[in-house]
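Residue numbers 1188 to 1300, in the working numbering, belong to the letters of the sequence shown in order. Note sheet for the following structure.
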Amino acid sequence: MYDKNNVFYKILKSEIPADKIYEDEFVLSFYDIYPKSKIHALVIPKNLYRNFYDFMQRATSYEQNYFFSSIAKIVEILGIEKSGFRLISNTGVDAHQEVDHFHVHILGGAPIG
Ligand code: AMP
């Protein structure tokens, strides 16, 4: 069950600010507040899913395709499509997922340690 008591839900509802990179009807991207690389962006769907697995179980194929296509678009906005990047989606307890709203990290901008 999705729990609305999480920080990304508050960002979606504009209850707290975010440094936005891209936004449309279905997707929001913003910079991670504690960057772990030169460029550290987050991408979230606007519909409510707990994590990658929940998203793949419950979202429509259209929504899934739209979301992952949007990541490629955001990579281009960030200008790192040629230099390279890493995608991460921590899912659940063993992966130490901190925020229970599905998100993908985009790390890049310089060689990643
Ligand atoms: P995860 O461990 O995959 O759930 O990562 C959650 C990420 O959200 C961490 O990298 C945090 O630095 C980031 N984060 C937490 N609060 C905020 C916020 N208010 N704005 C932007 N990023 C945040």
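Don't be surprised by glycine CBs; every beta carbon is placed ideally from N, CA and C.
Judged by DSSP secondary structure, residue 1213 falls outside any alpha helix (DSSP H); it is assigned neither H nor E.
Just measuring C-alpha positions, the residue of 1270, 1274 and 1238 sitting nearest residue 1297 is 1270. Inclusion of residue 1287 and residue 1237 in the CB contact set at 7 Å is warranted, their separation being smaller than that value.
For residue 1265, the enclosing alpha helix (DSSP H) starts and ends at 1248-1265. Distances taken from the Cβ of residue 1277 to the heavy atoms of ligand 1 include one shorter than 6 Å. Closest by C-alpha distance to residue 1202, out of 1223, 1194 and 1189, is 1194.
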